[in-house]
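In the numbering used here, the protein residues as written are 1400 to 2070. Don't be surprised by glycine CBs; every beta carbon is placed ideally from N, CA and C. Read the structure below first, then the notes.
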Amino acid sequence: MLISTVLALSEFFSGNFPNIYWYPNWYLGNPYHYLIGPVVPTVLTILNIKHQILNIYLGLIGTSFLVGTLGIYLFLRDWGAGKLQAVVSGILYTVLPAGFFLLNLQNGLNHIAFGFLPFAFLLFRRFILRENSLRTFLLVFILTTMFLTSVSVILPLVIGFVAIVFAERKSYSHEKTGKTILLIILSLLLSTLWYTPKFWWVIAANPSVGGVPLGKLIWSILQFLLQFLPLVLAIFVIRLKKYKFEGYFLFGLLFFASFLFLSIVRFMSDPDFVMDWISFGLEMQFSLAVMLGNLLAKFLIFNFQFSMKISNFKFQINNVKLFIVCMGLLFSIAISLLIIKGLFVNLGSDYQSSITSILKKNVKENERVFLSGSSVFFINSKLNIRQVRGGVDQNSIHPFWAMGAYQIREGENSDLAYGWLRTFGVSYILVHDKDLPAGRQESKEPFYDFKHPEKFASCHPEFISGSRAIEIPKSIRQAQDPEFTEGQVRNDNDCVDSALFQLVKKDNGDMLYMVSNSSIGRIADLYILNVQKPKNGADNQSINNYISLFKRPLAVNSALQNRKPNEISFEENIKQGEVISLAVTYDKLWNLADGKGRIVSDSLGNMVIIPKDTGLQRFTIAYKRSFLDLAIPLGLSMVIAIILIKYQKIAPYIKKRLPKIHVGLGEKEDY
């Protein structure tokens, strides 16, 4: 499902490079480099000669499994494992079904980055045992490549490094700790040349869907550090019990225990959030491949390395064991193939074609539509269309999109939903319904996010279930029945025609509504800058105060024109006390390229242009990256690189001024 989001971002990269700084299709606009690293879009752009980007990307994901298999083989062989175990572990990593299953819920970027992880572990182990300049360079290169593919690989990388250090504690020198930290920092700084410094602030302050205020940044960091608690506990238990394992088996055990514990904690905190607590499936599959490969290889060697007569009873028993193992592998392969087949079916369903056709015929360029469910993720791989939601929620910068989207999907109040839709400049909303009268087919949408779809329905009997009651919007209550009390509801046979939402197209349970008087660009009263921000998503008064200051949409002949994705041009006749309100995410990197005035943010995070003059005004605003976004990470990278090169001279100087730190990995301890 989320694979389509990578296709959309990659096609945008291919079609608009180098003007790719701003992505207008998600979250009312968002910096493009916050949404995806450059590695996959670049590779897909180079390989997409015959416009088969989906097949190429799926091939890239499949290749990552093969690369991971080779990496596991080399990693285990370098650590002293036998050929049989290395081969078995590599095969298990490929055929176990968890990785393929997660492709239904993830975008595949983590899979691709994960393919490089065994090579990173291989280089890191060699680095801590026998350091040289080539290994240092290769380690920095592969870490940077992984980060520029997906930053989600940072956690398994760090946990893996700690597990390797513990498994090799007899040979590990504490002096390598400083260098290891510097290597990771250098790789992060090099990747920051793409992501920019603010990116790390955004993901640290916005770790969950819907965002977290920046004031909770410290708490977010503490939550991140708590993720290493299971690894510390596992190390403590192993040291206490004096278990003896091969180094690579101990590494796999620590890696598996860490992510199993994190998965259990996430499950207990929110069992309904399936995508969250199964998200570490690939990490556990990797560690299981290492451990099961070791056990399975020992089983095969112990039972079949000597010859026996076929009549021997023990040989027959061993054959039964081998048969069970082979059947288990075949079952795993069969499950994986079924998952892959289902993945291809989902990516090319008739439902997707139907939704694409509806939107293509009705939603014009420079109009925004509100989508929910699976269409959020696949539509931009098929149409260049703007929407409120997107595929990388945790990296969005608009402060209120998630709050408003929640009320639109799950709230009961039509007036509130209408207010949020106008705030976001939404011209159309696609509603999916499954609670329909007999004889009508429900929507084929697999995710019914709209808890109260009736709040959008007009007085059309064929679209409304007779068992439901509709809350009459406040604006309609006042216009048609001044004595109608707050919160009162009417049954369907008493419903009124809604002036807020007009049905444009119906296809069984999929209904496209036009949102009245809503547009991305609008002329507003200057007082809009003084409106208080909503206390929460249900703050109807603040939202109504906000939209009441919209005077008119931008004139038809001066509608928003995008010369480039990171530019917006328009002209309008401005009167005294008027400003241009744009339902576009404000960012300080937006600047006026043409026209006189200044760009500011309103209380809801939308962009406002305050013109300097009145009369007919022409404006072009452009989004450009700051020089400091490149200078800061580049300068710091050079400093870290110099420290690494001169580390032997600098380290003694630092040690004199810092207390000696012990991490509890005594060199004389055995395992």
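### Task
Following the continuous alpha helix (DSSP H) through Q1931, name the residue where it begins and the one where it ends.
The residue you call residue 1931 lines up with position 532 of the sequence shown. Looking at the DSSP string, Q1931 is not in any alpha helix (DSSP H), and its letter there is neither H nor E.
### Query
Rounded to a whole number of angstroms, what is the C-alpha to C-alpha distance between S1864 and I1778?
On the sequence shown, position 465 is the one that residue 1864 refers to. On the sequence shown, position 379 is the one that residue 1778 refers to. With a pLDDT of 39 at S1864, under the threshold of 50, the predicted position of this residue should be treated as unreliable, though the coordinate-derived value follows. When rounded, the separation of the alpha-carbon atoms in S1864 and I1778 is 29 angstroms.
### Nearest residue (CA-CA) to P1423, options A1562, L1820, G1824
Along the sequence shown, read from residue 1 onward, the residue named residue 1423 stands at position 24. The candidate whose alpha carbon is nearest that of P1423 is G1824.
### Query
What residue ranges within the stretch 1978–2034 form continuous beta strand (DSSP E) runs of no fewer than 3 residues, ordered along the chain?
Within the stretch 1978–2034, the complete beta strand (DSSP E) runs of at least 3 residues are 1989–1993, 1996–2000, 2005–2010, 2014–2022.
### Query
Under the three-state reduction of DSSP, which class applies to L2105: helix, strand or coil?
This structure leaves residue 2105 out entirely; the chain is present only between 1400 and 2070.
### Message
Buried or exposed, going by whether 16 or more other CB atoms sit within 10 Å of the CB of K1854?
### Response
On the sequence shown, residue 1854 is found 455 positions in, with the first residue counted as 1. Looking at its Cβ environment, which holds 16 or more other Cβ atoms inside 10 Å, K1854 is buried.
### Query
Is R1821 helix, strand or coil when you go by DSSP?
Within the sequence shown, numbered from 1, the residue matching residue 1821 stands at position 422. Note: R1821 maps to helix in three-state DSSP.
### Task
List the DSSP bridge partners of R1353.
Since the first residue shown for the chain is 1400 and the last is 2070, residue 1353 is missing from the structure and cannot be characterised.
### Query
Nearest to P1933 by alpha carbon, out of L1948, S1413, S2002?
Numbered from its first residue, the sequence shown carries residue 1933 at position 534. Here the closest residue by C-alpha is S2002.
### Own chain, CB closer than 6 angstroms to G1514, minus 5 neighbours either side, in chain order
As a working mapping, residue 1514 is identified with position 115 in the sequence shown. Excluding positions up to five away in sequence, the list reads S1463, V1466, G1467.
### Message
Please state the DSSP three-state secondary structure of M1910.
### Response
The residue labelled residue 1910 in the question sits at position 511 within the sequence shown. Here M1910 sits in strand by DSSP.
### Query
Taking the alpha-carbon positions, what's the F1412 to N1783 distance?
Along the sequence shown, one-based indexing puts residue 1412 at 13. Along the sequence shown, one-based indexing puts residue 1783 at 384. Each residue's alpha carbon lies about 13 angstroms from the other.
### Task
Rounded to whole angstroms, what's the CA-CA distance from L1694 to A1562? Just pull it up for me.
The residue given as residue 1694 occupies position 295 in the sequence shown. The residue given as residue 1562 occupies position 163 in the sequence shown. Distance from the CA of L1694 to the CA of A1562, rounded to the nearest whole angstrom, comes to 19 angstroms.
### Query
Does the distance from the CB of I1677 to the CB of L1911 come in under 8 angstroms?
Numbered from 1 along the sequence shown, position 278 holds the residue referred to as residue 1677. Numbered from 1 along the sequence shown, position 512 holds the residue referred to as residue 1911. Going by C-beta atoms, I1677 is not nearer than 8 angstroms to L1911.
#### Entry: Same chain only: Cβ atoms within 6 angstroms of V1830, ignoring 5 sequence neighbours per side
On the sequence shown, residue 1830 is found 431 positions in, with the first residue counted as 1. If we look at V1830 and ignore the five residues flanking it on each side, its Cβ neighbours are F1849, P1852, F1855, M1910.
### Task
List the residues that DSSP assigns as beta-bridge partners of K1759.
By one-based count along the sequence shown, residue 1759 stands at place 360. Partner(s): none; K1759 has no beta bridge.
### Message
Assuming the contact rule is C-beta atoms closer than 8 angstroms, Y1817 and L1899 should be a hit. Round their C-beta distance to whole Å, please.
### Response
Reading the sequence shown from its first residue, position 418 is the one you call residue 1817. Reading the sequence shown from its first residue, position 500 is the one you call residue 1899. Contact between Y1817 and L1899 holds, with the beta-carbon distance rounding to 4 angstroms and staying under 8 angstroms.
### Task
With I1452 as the anchor, note down where its beta strand (DSSP E) starts and where it stops.
Position 53 of the sequence shown holds residue 1452. That residue, I1452, is in no beta strand (DSSP E); its alpha helix (DSSP H) goes 1452–1477.
### Reference L1443; option with closest CA among L1457, I1541, F1654
Here residue 1443 refers to the residue found at position 44 when the sequence shown is read from its first residue. Measuring from the Cα of L1443, the nearest candidate turns out to be L1457.
### Message
Quick check: L1587 and F1546, are their CB atoms within less than 8 angstroms of each other?
### Response
Counting from 1 along the sequence shown, the entry for residue 1587 is found at position 188. Counting from 1 along the sequence shown, the entry for residue 1546 is found at position 147. In this structure, F1546 lies closer than 8 angstroms to L1587 by Cβ.
### Task
With DSSP collapsed to three states, give me the class of S1678.
Translated into positions along the sequence shown, residue 1678 becomes position 279. In the structure shown, S1678 sits in coil (DSSP, three-state: anything other than H, G, I, E or B).
### Message
Strictly by DSSP, which residues pair up with V1830?
### Response
Here residue 1830 is taken as the residue at index 431 of the sequence shown, counted from 1. Partner(s): M1910.
### Query
By DSSP, does L1899 sit in helix, in strand, or in coil?
Your numbering for residue 1899 matches position 500 in the sequence shown. Coil, per DSSP.
### Own chain partners of T1404 with C-beta closer than 6 angstroms, once the 5 adjacent residues on each side are dropped
As a first step, residue 1404 is located in the sequence shown; it is residue number 5 there, counting from the start. Residues N1506, F1776, G1790 of the same chain have their beta carbon placed closer than 6 angstroms to that of T1404, with the five preceding and five following residues left out of the count.
### Query
For I1419, which three-state DSSP category applies?
If you number the sequence shown from 1, residue 1419 lands on position 20. Coil, per DSSP.
### Message
Counting beta carbon pairs with one atom in the stretch 2000–2017 and one in the stretch 1960–1980, are three or more of them shorter than 8 angstroms?
### Response
Two segments are said to touch when three or more pairs of C-beta atoms, one from each, lie closer than 8 angstroms; by this definition the stretch 1960–1980 touches the stretch 2000–2017.
### Task
Per DSSP, which residues does S1795 bridge with? Please list them.
Translated into the one-based positions of the sequence shown, residue 1795 becomes position 396. Beta-bridge analysis with DSSP links S1795 to no other residue.
### Task
Determine the DSSP secondary structure at N1943, reduced to helix, strand or coil.
Translated into positions along the sequence shown, residue 1943 becomes position 544. Three-state DSSP puts N1943 in a helix.
### Query
To the nearest angstrom, how far is it from the Cα of Q1975 to the Cα of F1799?
Position 576 of the sequence shown, counting from 1, holds the residue named residue 1975. Position 400 of the sequence shown, counting from 1, holds the residue named residue 1799. Between Q1975 and F1799, the C-alpha separation is close to 29 angstroms.
#### Entry: Beta-carbon contacts of G1994 that lie in its chain and below 7 angstroms, excluding the five residues immediately before and after
Counting from 1 along the sequence shown, the entry for residue 1994 is found at position 595. Once the five neighbours on either side are set aside, the close Cβ partners of G1994 are Q2016, R2017, F2018, T2019.
### Message
Within a Cβ cutoff of 7 angstroms, which residues of the same chain sit near G1481, ignoring the five residues on either side of it in sequence?
### Response
Your numbering for residue 1481 matches position 82 in the sequence shown. Closer than 7 angstroms at the Cβ level, and outside the excluded window around G1481, lie A1696.
#### Entry: Nearest-angstrom beta carbon gap, L1948 and I1927 [assumed within contact, 8 angstroms]
Along the sequence shown, one-based indexing puts residue 1927 at 528. Along the sequence shown, one-based indexing puts residue 1948 at 549. By a beta-carbon distance limit of 8 angstroms, I1927 contacts L1948. Their separation comes to about 4 angstroms.
### Task
Have a look at the DSSP bridge pairing and note the partners of D1924.
By 1-based counting over the sequence shown, the position of residue 1924 is 525. Note: D1924 sits in a beta bridge opposite E1977.
#### Entry: Cβ neighbours of K1843 in the same chain (closer than 7 angstroms, five flanking residues each side left out)
Your numbering for residue 1843 matches position 444 in the sequence shown. Taken in chain order, the residues that qualify are Y1750.
### Query
To the nearest angstrom, how far is it from the Cα of V1539 to the Cα of G1414?
Counting from one through the sequence shown, the residue named residue 1539 turns up at place 140. Counting from one through the sequence shown, the residue named residue 1414 turns up at place 15. Taking the straight line joining both Cα atoms gives about 31 angstroms.
### Task
Take the Cβ of V2038 as the centre, count every other Cβ of all protein chains shown within 10 Å, and call the residue buried at 16 or more, exposed below.
For the purposes of this step, residue 2038 is taken as residue 639 along the sequence shown, with counting starting at 1. Under this definition V2038 is an exposed residue.
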